[in-house]
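If you read the sequence shown in the numbering used here, its first letter stands for residue 188, the second for the next number, and so on.
Report on one structure; see the data block that follows.
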Amino acid sequence: MPTYKFEGMDSASHQVKDEVDAASEEEALKKIKEMGYFVSKIAESGGKKGGKKGKGRGGKRKKGQVMTIGGVSAKELTTFTRQFSTLQDAGLPVLRSLRILERQLRPGVLKNALIDVVEDVESGSSLHEAFAKHPKCFDRLYVNMVKAGEAGGALEVILKRLADFKEKAQQLKRRIIGAMIYPSVVITVAVLIVSFIMIYIIPKFKKIFEDFELELPYATQVLISISNWFVSYWYVIPLFPLMFWIAIKLICLSKSGAYAVDRFKLYVPIMGQLIKKTAVARATRTLGTLVSSGVPILEGLSIVRETATNLVFEQAFQRVYESIREGDTIAQPLRESRLVDDMVVNMIEVGEETGDLDTMLFKIADFYEEEIDALVKGLIDILEPLMIVVLGIIIGGIVISLFLPLLKLMEGLAK
């Protein structure tokens, strides 16, 4: 009869490691439950090696794995985390939960990773060690939180926090992207309409003016010159944004150039404030989630620093990391950076003094996410009339420039 090794908790929430003889895993789970233990991990003694399933990572693909390119989308990982959290909360063993999720996933990077994770856990590896082998799917934040959950015997609680964190991050990202769709569409349509007028409409008026041998006003001459440029070099128009993007990328190849670009972004009206508030909201929620999950503060700050999308903030978090390592506070280097409001520094200072840092970090994140919503709404409210005014000036200028010669022609005919 096979022997199954298991890890779990007893009724007093103490961690237990033991083994039980049973004909199958289901029977082993039943016996362990009768013993009064809550199972977090179970594997047959000696492990079910991957020989029957394939050679593993770096060798032949296992059954169910497919050729893939790229990583895992944030939406897919968020859904997986929420489902995993729900299964753990329902009391299912880790291995069984992973098998259920692996079976229902579509072929892709995450399914490939889970097939390997299931095999590693069956072989006796801890869950966070199995996840750490797949950095394309599970980043340092994910792995460290799972590690803290396993060490504290509260994996289902940690997974719930992780799912909440990822859902909040997704909501924030969707709000910002959704707000940018409307002005982007309007600007694109406006550029297409103006280009059509310049390339197809104005040349027809130009021919009329030449046939009547009219003396053209200066505004009309400028408009026709612009139209001639559009007709001759229309293919350059889409190259402008592409060349701008390439230029930025070339500048960002050096660390000093990337830092200068990131610093400049912070001074762009409205957009700079949006970048700042987004960075603060993301950093405080990440650190709050890690601290509340039992991850050491230095490890948490290291993860926050690595996940910063702006080099200016990355350097600020580096100074905070060094301050904590030397036994100082988080608040002081943040105050010196002048990147965050005094309110943020004061709340963090209170959190450090009271030992309730994670709660304060969550409050800061909630406040800043509300600020981001208000800022995005304000940006849209400003962009709408601004785009109407700019388009009105452009179209109005074109119409006036075209009709000035026609008015002169009508005056000449009237005489």
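Note that the Cβ used here is the ideal one computed from N, Cα and C, for glycine as well.
What you are looking at is a predicted structure, and each value in this text was computed from that prediction instead of being measured.
- Counting only runs of 3 or more residues that sit fully inside the segment 451-538, no beta strand (DSSP E) segment turns up.
- In the DSSP assignment, residue 229 forms a beta bridge with 193.
- Residue 205 is bridged by DSSP to 193.
- Here residue 570 really is in contact with residue 370; their C-beta atoms are around 5 Å apart, less than 8 Å.
- Residue 365: member of the alpha helix (DSSP H) spanning 342-383, first to last residue.
- Residue 457 is positioned such that its CB atom lies closer than 7 Å to that of residue 566.
- By the neighbour-count definition (other C-beta atoms within 10 Å, threshold 16), residue 483 is an exposed residue.
- Taking all protein chains shown into account, residue 407 has 16 or more neighbouring C-beta atoms within 10 Å of its C-beta and is therefore buried.
- Distance from the CA of residue 279 to the CA of residue 195, rounded to the nearest whole angstrom, comes to 12 Å.
- For the pair of segments examined, the segment 425-443 was found not to touch the segment 513-533: the number of CB pairs separated by less than 8 Å stays below three.
- Residue 315: member of the alpha helix (DSSP H) spanning 314-319, first to last residue.
- By the neighbour-count criterion, in which a residue is buried when 16 or more other Cβ atoms sit within 10 angstroms of its Cβ, residue 281 is buried.
- In this structure, residue 596 lies near residue 399, with their beta-carbon atoms less than 7 Å apart.
- When 364, 563, 530, 325 are compared, the shortest CA-CA separation from residue 346 is found for 325.
- Of all alpha-carbon atoms in 231, 272, 337, the one lying nearest the alpha-carbon of residue 203 is that of 337.
- The DSSP-derived three-state label of residue 410 is helix.
- Rounded to whole angstroms, the separation of the alpha carbons of residue 430 and residue 421 is 15 Å.
- Around the beta carbon of residue 272, a 10 Å sphere encloses 16 or more other beta carbons of the protein chains shown; the residue is thus reported as buried.
- Around the CB of residue 358, fewer than 16 other CB atoms lie within 10 Å, so the residue is classed as exposed.
- Straight through space, the alpha carbons of residue 474 and residue 495 are spaced by roughly 12 Å.
- For residue 309, the uninterrupted alpha helix (DSSP H) run begins and ends at 296-309, by DSSP.
- Judged by DSSP secondary structure, residue 262 falls within the alpha helix (DSSP H) whose first and last residues are 261-276.
- Boundaries of the alpha helix (DSSP H) harbouring residue 284: 281-291, taken from the DSSP string.
- In summary, residue 555 is buried, with 16 or more beta-carbon neighbours lying within 10 Å of its beta-carbon over all protein chains present.
- In this structure, the beta-carbon distance from residue 230 to residue 311 falls below 7 Å.
- Burial state of residue 383 is exposed, judged by a 10 Å Cβ sphere holding fewer than 16 other Cβ atoms.
- In terms of CA proximity to residue 393, 415 leads the group 376, 415, 470.
- Residue 395 sits away from residue 417, with the two beta carbons spaced by 7 Å or more.
- Residue 492 is a Cβ neighbour of residue 504, given a cutoff of 7 Å.
- Boundaries of the alpha helix (DSSP H) around residue 437: 426-438.
- Between the segment 347-357 and the segment 262-272, the count of Cβ pairs shorter than 8 Å is three or higher; the stretches touch.
- When the Cα atoms are used, residue 547 and residue 529 turn out to be separated by approximately 14 Å.
- DSSP places residue 443 in the helix class (H, G or I) of the three-state scheme.
- Close CB contacts of residue 319 within its chain, under the 8 Å cut and outside five residues either way in sequence, are with 325, 330 (chain order).
- Annotated three-state conformation of residue 583 is helix, per DSSP.
- In this structure, residue 536 keeps its C-beta atom at 7 Å or more from the C-beta atom of residue 552.
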